[in-house]
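Peer 1: Can you keep this structure in mind? I'll have questions shortly.
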Amino acid sequence: MAKSKLVKVNEKIEKKVVGGYKKIEEGVVGGYKKIEEGAVGGFNKIADKFVDNGESVEEARERLAAEQRERKGVRRNRI
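Residue 15 in my numbering sits at position 15 of the sequence shown, with consecutive numbering throughout.
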């Protein structure tokens, strides 16, 4: 009889621990998904703006990289 009480108590503990873990897991995964959706959504909005302006994403990347290199060159000349 003592063993069955221990088994019941262990099952209760197990349910609480697993339930707590699942809540934490759902919170972490849910937070990650929201961040991911925000980042991907933001990227897609920016990409859509470039496409709306008649520029492909690759062309925009090349142009922005060239502008950044140019800015770095200007900064170095100031020093």
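Virtual Cβ for every residue (Gly too), placed ideally from N, Cα, C.
#1: For my contact list, Ala-47 and Val-57 are in at a C-beta cut-off of 8 Å; report their separation, rounded to the angstrom.
#2: Specify the secondary structure class of Ser-56 as computed by DSSP and reduced to three states.
#3: Give me, in chain order, the residues of the same chain whose beta-carbon lies closer than 7 Å to that of Gly-31; leave out the 5 immediate sequence neighbours on both sides.
Peer 2: The relevant details are as follows:
#1: That belief holds up - the Cβ atoms of Ala-47 and Val-57 are roughly 5 Å apart, short of 8 Å.
#2: In the structure shown, the three-state DSSP call for Ser-56 is coil.
#3: none
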